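Residue numbers (this note's numbering): 2 to 182. Read the structure below first, then the notes.
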């Protein structure tokens with residue numbers, strides 16, 4: 002459970018979302034500091050390391066994964082939740098390897114984010130015996146494209162070559178939101 006008065010560093014390039022989420026977290030008794038990019042976030046963290054951080058994955062300039070890594074190096078006790086509107090398994094795995102507490106897809110509200118911090122403190126779940134449906138073909142394609150793109154270090158031309166697609170076709174696919182199922 003998150004203590005009242007805990008400090009939160011909220012980093013997102015979308016000003017409206019950032020301010021709305023900050024108000025909601027403040028109403029829940031948290032001390033919120035805002036940053037719109039890597040540089041301002043690191044500056045704020047160096048001045049006073051936060052107990053919690055909420056980081057957008059895609060921002061102009063340096064990425065949220067770089068910020069995650071550097072915040073974790075600055076203070077390993079900072080618990081960090083990564084937000085993204087472009088979720089994929091590959092980026093979720095990268096975020097967790099770099100020290101993220103949790104990974105939350107957008108749109109997310111304050112309750113979703115606080116629940117992600119709480120879930121991280123909960124004991125691991127027992128093995129699930131329920132039969133889950135397979136992902137749709139569109140979702141499997143999206144995951145595969147993002148895995149290949151991640152393996153290519155974000156190089157779209159190289160990923161397109163490996164996937165056997167034209168570079169522009171791959172760019173159009175990447176601009177779309179991932180399929181839900």
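Every residue, glycine too, gets a C-beta built ideally from N, C-alpha and C. Small disclaimer: the values here were computed from a predicted structure and weren't measured.
(message) Does the contact criterion of 3 or more C-beta pairs under 8 Å hold for the region 83 to 97 versus the region 146 to 160?
(response) yes
(request) Rank 159, 53, 180, 119 by C-alpha distance to the C-alpha of residue 79 and give the top, closest one. (result) 53
(request) Compute the beta-carbon to beta-carbon distance between residue 66 and residue 72, rounded to the nearest angstrom, for a pair I have assumed lies under 8 Å. (result) With 8 Å as the limit, residue 66 and residue 72 do not qualify as a contact, their Cβ atoms being about 11 Å apart.
(message) Comparing C-alpha positions only, which one of 84, 46, 62, 171 sits nearest to residue 74?
(response) 46
(message) Can you tell me whether residue 79 is helix, strand or coil according to DSSP?
(response) coil
(message) Here's the rule: buried if 16 or more other CB atoms are within 10 angstroms of the residue's CB, otherwise exposed. What is residue 51?
(response) buried
(request) Spatial neighbours of residue 121 within its chain, please: CB distance less than 6 Å, with the 5 preceding and 5 following residues excluded, ordered by chain position. (result) 102, 103
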